[in-house]
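In this note's numbering, the protein residues as written are 30 to 370.
Glycine is no exception: its CB is placed at the ideal position from the N, C-alpha and C atoms.
To start, the structure itself, in structure tokens.
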């Protein structure tokens, strides 16, 4: 999806809030990293649990010495008991998480419904599109709930926030309205906003799909985090699909003022060798191409972006901010996208 930021209509202090505490990191949790890509609406429970645990380790480092008391008090399939032991909270110190925002993709949720009905192309006057809009939102909000629950079980005070429900909309697939005051109040209250790619209304074509990658860029532009981390199902950005023989991991990408980018590391002997990006047939949001273009636009803001595989020690180092402001260490596997004057 090509995305050019337009001025937000009616922009004022209410939807361009001043945070009381600066944002440390915006995390993009790729849908492919926590869902099973080849099975519709199936979560990879093991990877999601690991990601949630690592996010707790990074956001609340002082919590490791105390007993973890979960915040998901809803019924689960394997248990009929939903009653928390409220007495356990009496001896607990309140540990507030550092200021993170989580935005997740859809993975095997939502894309099927959107592509089958053509929601991303608009046309709410068509019954199939309207039905697909509803079906897409049911799917992606179900995934959002499960991710929020996984974080809550790790004692992270996560709050699910849907762009459609927050009143966000687009015009010709570019933001036209995106009030951030609710996000700001959530952060200032020491909660962790968990947003997601969503089906939204579009002033020009009726409706469209607003991808998580585009949301990340918008949040970075207006909330200015110290750094951004994309958690994916592969080690980083490759010069061709990583399943192909000879695929090369791009360690560092430099972005210029005009938004163009080039590979700094590793230096390629054949500079004519192009970076080939593929997009899955069912992906209505642009796939890896959107990630790179949005990461480049974030880097233009002088905000470093790390694209790294979820559930690994490499992702933990990126989430902690260990790699900021220096040379990419040889023992770190991932892709750094940064501004270069």
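For residue 238, write down the residues that DSSP places opposite it in a beta bridge. Within the chain shown, numbered from 1, the residue matching residue 238 stands at position 209. DSSP, once it has assigned bridges, lists 228 as partnering residue 238.
Could you compute how far the alpha carbon of residue 373 sits from the alpha carbon of residue 152? Residue 373 is absent from the model: the chain starts at 30 and stops at 370.
Nearest-angstrom Cα separation, counted from residue 233 out to residue 56: The residue you call residue 56 lines up with position 27 of the chain shown. The residue you call residue 233 lines up with position 204 of the chain shown. So the alpha carbons of these two residues sit roughly 30 Å apart.
Taking the straight line between their C-alpha atoms, what separation do you get for residue 339 and residue 330? Locating residue 339 in the chain shown gives position 310, counting from the first residue. Locating residue 330 in the chain shown gives position 301, counting from the first residue. Rounded to whole angstroms, residue 339 to residue 330 spans 25 Å at the Cα level.
Identify whether residue 203 lies in helix, strand or coil by the three-state DSSP scheme. If you number the chain shown from 1, residue 203 lands on position 174. If DSSP states are grouped into helix, strand and coil, residue 203 belongs with the strands.
Near residue 129, what residues of its chain come up, given a Cβ to Cβ distance below 7 Å and the 5 sequence neighbours on each side ignored? Against the chain shown, residue 129 aligns to sequence position 100. Here the set comprises 53, 54, 56, 88 and 221.
Is DSSP giving residue 146 helix, strand or coil here? The count along the chain shown starts at 1 and reaches residue 146 at position 117. Helix, per DSSP.
From the DSSP output, in three-state form, read off residue 103 for me. Against the chain shown, residue 103 aligns to sequence position 74. Coil, per DSSP.
Give every residue of the same chain whose Cβ lies closer than 6 Å to the Cβ of residue 180, excluding the five residues on either side of it in the sequence, and list them in chain order. Counted from its first residue, the chain shown places residue 180 at position 151. Only 81 and 187 meet the Cβ criterion.
Nearest-angstrom Cβ-Cβ length linking residue 367 and residue 333, presumed shorter than 8 Å: Here residue 367 is taken as the residue at index 338 of the chain shown, counted from 1. Here residue 333 is taken as the residue at index 304 of the chain shown, counted from 1. At roughly 5 Å, the Cβ-Cβ gap stays under 8 Å, so residue 367 and residue 333 are in contact.
Supposed close pair residue 294, residue 369 - CB separation, criterion 8 Å: Start at 1 with the first residue of the chain shown, and residue 294 comes out as number 265. Start at 1 with the first residue of the chain shown, and residue 369 comes out as number 340. Rounded, the Cβ-Cβ distance is 12 Å, inconsistent with contact.
Ignore the nearest five residues each way along the sequence and tell me which others in residue 160's own chain have a CB closer than 7 Å to its CB. Numbered from its first residue, the chain shown carries residue 160 at position 131. Taken in chain order, the residues that qualify are 146.
Roughly how many whole angstroms lie between the Cα atoms of residue 260 and residue 62? Position 231 of the chain shown, counting from 1, holds the residue named residue 260. Position 33 of the chain shown, counting from 1, holds the residue named residue 62. Distance between the alpha carbons of residue 260 and residue 62: 7 Å.
Is it the case that the Cβ atoms of residue 149 and residue 238 are separated by a distance below 7 Å? Here the question's residue 149 lines up with position 120 in the chain shown. Here the question's residue 238 lines up with position 209 in the chain shown. Yes.
Could you say if the region 208-228 and the region 160-178 meet the contact criterion of at least three C-beta pairs nearer than 8 Å? yes
As a quick exercise: from 182, 183, 205 and 185, pick the residue whose alpha carbon is nearest that of residue 193. One-based indexing of the chain shown puts residue 193 at position 164. Ranking 182, 183, 205 and 185 by Cα distance to residue 193 puts 205 first.
Integer Cβ distance of residue 223 from residue 155, believed to fall under 8 Å: As a position in the chain shown, residue 223 is number 194, starting the count at 1. As a position in the chain shown, residue 155 is number 126, starting the count at 1. Between residue 155 and residue 223 the Cβ distance is about 32 Å, and since that is not below 8 Å, they are no contact.
Locate the alpha helix (DSSP H) running through residue 349, then write down its first and last residues. Numbered from its first residue, the chain shown carries residue 349 at position 320. 342-349 is the span of the alpha helix (DSSP H), which, as asked, contains residue 349.
Extent of the continuous alpha helix (DSSP H) run through residue 58: The residue given as residue 58 occupies position 29 in the chain shown. Segment 54-58 is the beta strand (DSSP E) holding residue 58; no alpha helix (DSSP H) there.
When the Cα atoms are used, what is the spatial distance from residue 372 to residue 198? This structure cannot settle anything about residue 372, because the visible part of the chain is limited to 30 through 370.
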